[in-house]
Amino acid sequence: MRKGDTKRQEMLNAAEKLFCARGYEATSVQDILNVLHASKGGFYHHFASKEDVLKTLCVQRAERAAAFTAQALEKAKTDVERINAVLHGFMPLRREEVPFVNMLLPLIEKPEGRSMAMIYQDALSEGFLPLLEQEVASAAANETVCPPVRDMEPVVLHLVNRCWMDVAANLLRVTREGQWYDTAMLLNTLERYRRAVEVLLDAPYGSIEIIRIEEWEEVSQRLLRSLESN
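Residue numbers are given in this note's numbering: position 56 of the sequence shown equals residue 65, and the series is strictly consecutive.
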C-alpha cells in the first residue's frame with residue numbers, strides 16, 4: 010500500500026471509531042484530525058467532506074462483508090446452508106455490524122441518511138449478487154431450489170434489504186414515540202420476509218434462514234437500548 014493510501018486508510022479507521030463511539034453528527038472533521046495529529050489540508054487531499062468519509066466507510070463495510078461471506082461459504086456443506094450464508098452475510102443486522110448500524114440508524118430518517126443507506130445497500134448488492142447467483146445456480150442444478158422465474162436473485166436481495174430497513178424504521182418509531190417494542194412484531198417481520206424469499210426460490214418449506222432468531226432478537230435489543238440512551 011502506498012504512503013498516500015496508508016494515510017487515507019488511517020483517516021478512515023479513525024473516523025469510523027469516532028463515528029461509532031460518538032455518533033456521526035457529533036463528530037467533526039477536526040475531531041478526526043485531532044486523533045491523527047493531521048492537518049485539514051491532508052484531510053481534504055483525500056476526502057471532499059465528512060459525508061464523503063462515511064460514504065467510503067459504507068462501501069468498505071459492504072466489501073468486507075462480502076469477503077467474509079466468501080470465506081464462510083468454504084465451510085458450508087449443503088446448497089441451503091450456502092444460500093443462507095449469503096443471505097446472512099448480506100443482512101446488516103448481524104452481531105458484527107451492530108456498532109456501524111447503530112451509528113447509521115439516527116441518520117436514516119434524514120435526507121443525507123437515506124442517501125447513505127442507499128449507498129450502503131448498493132455496495133452490498135454489488136458484492137453479494139454474484140455470490141447469490143452462483144449459489145442459486147448450483148442449488149438449482151441439484152434441484153434443491155427451483156426458482157419459477159429467472160434472475161430472481163436481485164429481487165431476493167431487495168427483500169432482505171427491505172427486511173432490515175423495516176426493522177430499523179420500527180426501532181426508530183417506538184423510540185421516538187416512547188412505545189414498548191413488540192418482540193412478536195419483530196419475529197413476524199422476519200418470518201414474512203423469510204417466507205417470501207423461500208417462495209421466490211421455490212426452496213423447501215422452512216429451509217431459508219436469513220438470520221437465526223436468537224441473533225435477530227439480540228441485535229434488535231442492543232440497537233433499541235442504544236437508541237433509547239441517546
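Where a beta carbon is used, it is the ideal one built from N, C-alpha and C, also for glycine.
Nearest by alpha-carbon distance to Ala132: which of Ala71, Tyr202 and Glu200 is it?
Ranking Ala71, Tyr202 and Glu200 by Cα distance to Ala132 puts Ala71 first.
Note down, one range per segment and in chain order, each alpha helix (DSSP H) of at least 4 residues found wholly within the stretch 94-141.
Listed in chain order, the alpha helix (DSSP H) elements of length 4 or more contained wholly in the stretch 94-141 are 107-113.
Rounded C-alpha distance that separates Gln230 from Leu168
Spanning the two alpha carbons is a distance of roughly 22 Å.
Flag this pair as touching only if the stretch 58-67 and the stretch 24-42 have three or more C-beta atom pairs under 8 Å; answer yes or no.
Touching, yes.
Figure out for me which residue from Phe109, Leu140 and Leu138 has the closest Cα to the Cα of Met125.
The alpha carbon of Met125 has as its nearest neighbour, out of Phe109, Leu140 and Leu138, the alpha carbon of Phe109.
Nearest CA to the CA of Glu218: which residue from Val165, Ile117, Met194 and Pro157?
Considering only alpha carbons, the answer is Val165.
How long is the line joining the alpha carbons of Tyr129 and Ala76, rounded to whole angstroms?
Near 15 Å, if we compare the C-alpha coordinates of Ala76 and Tyr129.
For Gln143, three-class secondary structure by DSSP:
Residue state, collapsed to three classes: helix.
Is it buried or exposed, Glu144, if we count other Cβ atoms within 10 angstroms and call 16 or more buried?
With 16 or more Cβ atoms within 10 Å of its Cβ, Glu144 is classed as buried.
With respect to the alpha helix (DSSP H) encompassing His55, which residues constitute its N-terminal and C-terminal limits?
Secondary structure note for His55: its alpha helix (DSSP H) is the uninterrupted segment Lys49 to His55.
Span of the alpha helix (DSSP H), counted from its first residue to its last, around His167
His167: member of the alpha helix (DSSP H) spanning Glu162 to Glu186, first to last residue.
In or out: Gly202 buried (at least 16 other Cβ within 10 Å) or exposed?
Checking the sequence shown, residue 202 turns out to be Tyr, not Gly. Buried, by the Cβ-count rule.
Three-way DSSP call (helix, strand, coil) for Thr192 in this model
In the displayed model, Thr192 falls within a helix according to three-state DSSP.
For Ile92, which residues from the same chain have a beta carbon less than 8 Å from its beta carbon, with the 5 sequence-adjacent residues on both sides left out?
Excluding sequence neighbours, Ile92 sits near Leu141, Glu144, Val145, Ala148, Val154, Leu210, Ala212 and Ile217.
Go to Leu82, then tell me how far its alpha helix (DSSP H) extends in each direction, as first and last residue.
Unbroken run through Leu82: none, as it is neither H nor E.
C-alpha distance - Ile222 paired with His55, whole-angstrom precision
Going from the Cα of Ile222 to the Cα of His55 covers about 41 Å.
Work out the CA separation of Thr15 and Gly98 for me, nearest whole Å.
Rounded to whole angstroms, Gly98 to Thr15 spans 27 Å at the Cα level.
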